[in-house]
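Residue numbers (this note's numbering), protein chains in the order written: chain F, 1 to 341; chain W, 1001 to 1341. Down below is the structure, laid out as structure tokens.
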DNA sequence: TTGTAGGCGTTATCAC
DNA sequence: GTGATAACGCCTACAA
């Protein structure tokens, strides 16, 4: 008889011995206390405390083909927008028995697919993915995952399972409408990276400008380069050089908007009188800048929070009131678009 | 005889059958191909491909008491500083067989300790933790973890195992020295959150000012509130109100510095002539602002990259040249401190 | 409500 | 270099 000896830490059998019950009773007492009598439960809890017993997640996962892992996939680790949602997910998930596993897809669909495979291979309790632009394969994988799946940050008609976010099309439209209403005439668009959500913002923006009779495709400037403050400054410089009559821009995110502000300041263009600027997401800095910057406020933290709520509800067997939750957005008007008409 | 049937996906036994070998040979071929003859290895690899076999990480972890998980603990998910390091860790680790597991300690030592326990409970391949201010218990846990441990973002004399970072004291000192050299007379400090690393920056800063005969404790302003651009603007406003003779500030990070710039602009104080501003970390925006902002550049991406290299080396049994790696910093002088003396 | 038996998929141990 | 066998720690299925 060869002994192998594990990590040496107490097992469920040790607890069972100490409490004078069988292992399965301990298992039940830990996972669903209501299935065990008060009497035994107390004894078991005592034994757990005394032995400092911590369940072995791998053994549990192996036996049940379900882990306590919640897989989360975001396209960027450095984009503040996802950071807020992630923070909410962590805040709410680390309370329970769950363990977050985070993947970075780098805005590459194939990477996302690979990550989904990796995570599903671990039998996750749930999955959270950003956006609703997964590949067909990815959708299929998630549909067959046998666990709650929430797509966050965006909404659409055809959820894999559940969705929490807001309409980027409508957000872009609100931005466009605002600039038109403010009386700006030659309204441009500055777009970096241009992931699917940015594209939808641009579509909404175009729609608003067309309705307002202000649409000029020559003022739309996009690039696949990652967004940054520097890039915002550079792009608005280029656009102003090409079209000196430009008098407002919608930037596809706040970094770009802040950069556009700096670009104007360098060029001696006054904001908002000579140039209106509006961003997207309303990061904290937008209210602090000088002049302060108008933006479309989105509640990323609430999105993460809601996603976790929906997951927990589904795991508890509750039937959700809604599979698709639109948390909306709110235009925050500030100095950068507050010129006298 | 009751069959339980797992997730239904191919197991190592299926591969063994198809290749006409035993399971252990498959296991060896996958983990250390050199231990298996070319002939069998080829057959096994074929079988793996045909069956689309993916190892079951939980089973492996259970049997070997080692998982492929690398635990990473950071104090904040929204602080860009950690985002860059995280990105590097993900970029380099997702190449190998590893799986990153990220924890958020929220700058709370007890939370960090809890996370360490959780991660160690999974028998991680390695651990990466931010800073070198762990509690004694946490240090002990990590010391006995039986896996490589890297402390990142800071350096010190007494590593748990390995360290990659830079000296915050020296960084703060360089900032202080710079302001003194530039001829600023009443030099203040704006510090938010004030985690241990910020404290060390402040100590270095004090040291430089004392050496230069410019130290005035009344100009040191700190708070436990999280740093933000708004807070930077607010604090510099308060400090200027109290001490109208203030003519320069070192901010404990770049968000605060940007906020300080906005605060000055709102108050009609010209930067750098009436007020010098220097930040810390040199985020991308610092070069783009108007005026551009001086900062202490740190290479967070390199820190993450190096940490992963050290881990891989230690796992490969290599003896590291250094246990403590100082990646240094670099003062980036820009317009915000470039006044004529 | 509680217990018994055996399997989850892999790897360590020992033998050839 | 390769294989048989017994762990690893927990949970599902079934029975009482």
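Glycine included, C-beta positions come from ideal geometry on N, C-alpha and C.
Distance between residue j and residue i (C-alpha atoms, nearest Å)
i                       : j                       : result
residue 263 of chain F  : residue 1175 of chain W : 27 Å
residue 232 of chain F  : residue 256 of chain F  : 4 Å
residue 96 of chain F   : residue 148 of chain F  : 16 Å
residue 69 of chain F   : residue 99 of chain F   : 5 Å
residue 1111 of chain W : residue 1139 of chain W : 14 Å
residue 1001 of chain W : residue 326 of chain F  : Low confidence applies to residue 1001 of chain W: its pLDDT is 38, below 50, so where it sits in the model is not reliable enough to give any reading.
residue 1218 of chain W : residue 1104 of chain W : 34 Å
residue 296 of chain F  : residue 302 of chain F  : 15 Å
residue 1236 of chain W : residue 1246 of chain W : 9 Å
residue 265 of chain F  : residue 78 of chain F   : 26 Å
residue 1030 of chain W : residue 12 of chain F   : 31 Å
residue 1091 of chain W : residue 75 of chain F   : 13 Å
residue 1215 of chain W : residue 269 of chain F  : 40 Å
residue 273 of chain F  : residue 340 of chain F  : 8 Å
residue 168 of chain F  : residue 201 of chain F  : 5 Å
residue 197 of chain F  : residue 122 of chain F  : 29 Å
residue 1337 of chain W : residue 1271 of chain W : 8 Å
residue 1093 of chain W : residue 102 of chain F  : 13 Å
residue 27 of chain F   : residue 62 of chain F   : 14 Å
residue 20 of chain F   : residue 34 of chain F   : 19 Å
residue 40 of chain F   : residue 1158 of chain W : 47 Å
residue 230 of chain F  : residue 190 of chain F  : 13 Å
residue 331 of chain F  : residue 294 of chain F  : 8 Å
residue 1089 of chain W : residue 1304 of chain W : 5 Å
residue 242 of chain F  : residue 185 of chain F  : 16 Å
residue 1072 of chain W : residue 1087 of chain W : 12 Å
residue 213 of chain F  : residue 292 of chain F  : 28 Å
Nearest candidate by alpha-carbon position, reference residue i, set the options
i                       : options                        : result
residue 1187 of chain W : W/1169, W/1225, W/1240         : W/1240
residue 8 of chain F    : F/54, F/35, F/16, F/18         : F/54
residue 1322 of chain W : W/1146, W/1309, W/1329         : W/1309
residue 1171 of chain W : W/1280, W/1318, W/1196         : W/1280
residue 1164 of chain W : W/1128, W/1021, W/1190         : W/1128
residue 1082 of chain W : W/1307, W/1334, W/1300         : W/1300
residue 1106 of chain W : W/1041, W/1193, W/1087         : W/1193
residue 80 of chain F   : W/1228, W/1242, W/1234, W/1335 : W/1228
residue 50 of chain F   : F/184, F/17, F/305, F/141      : F/17
residue 1133 of chain W : W/1037, W/1244, W/1152, W/1305 : W/1152
residue 1085 of chain W : W/1330, W/1332, W/1306, W/1324 : W/1306
residue 1199 of chain W : W/1173, W/1181, W/1212         : W/1173
residue 220 of chain F  : F/65, F/206, F/213             : F/206
residue 125 of chain F  : F/43, F/131, F/244, F/66       : F/66
Assigned exposure category for residue i - 16 Cβ within 10 Å defines buried
i                       : result
residue 1143 of chain W : exposed
residue 108 of chain F  : exposed
residue 348 of chain F  : Residue numbering for chain F in the displayed model covers 1 to 341; residue 348 of chain F lies beyond these limits and cannot be assessed.
residue 958 of chain W  : Nothing in the structure corresponds to residue 958 of chain W, since chain W is present only between 1001 and 1341.
residue 210 of chain F  : exposed
residue 1254 of chain W : buried
residue 204 of chain F  : buried
residue 60 of chain F   : buried
residue 1318 of chain W : exposed
residue 42 of chain F   : exposed
residue 1276 of chain W : buried
residue 252 of chain F  : buried
residue 343 of chain F  : Since the first residue of chain F shown is 1 and the last is 341, residue 343 of chain F is not available in this structure.
Cβ-heavy atom distance, residue i to the ligand HEM, below 7 Å
i                      : result
residue 199 of chain F : Because no ligand of any kind appears in the structure shown, any question about the ligand HEM cannot be addressed here.
| message | Count Cβ pairs between the segment 1131-1138 of chain W and the segment 1293-1313 of chain W that sit closer than 8 Å; are there 3 or more? | response | no
| At a cut of 8 Å, does the segment 1116-1133 of chain W reach the segment 1270-1289 of chain W through at least three beta carbon pairs? | no
| field | Complete runs of the alpha helix (DSSP H) confined to the segment 1232-1283 of chain W [at least 4 residues] | value | 1254-1267
| Entirely enclosed beta strand (DSSP E) segments - the segment 1142-1171 of chain W, minimum 3 residues | List check, beta strand (DSSP E) in window: 1149-1152, 1162-1165.
| query | Which parts of the segment 55-124 of chain F are runs of the beta strand (DSSP E), unbroken and 3 residues or longer, counting only runs that do not cross its ends? | reply | 69-74, 99-104
| field | Unbroken stretches of the alpha helix (DSSP H), 4 residues or longer, contained in the segment 1173-1244 of chain W | value | 1196-1211, 1229-1242
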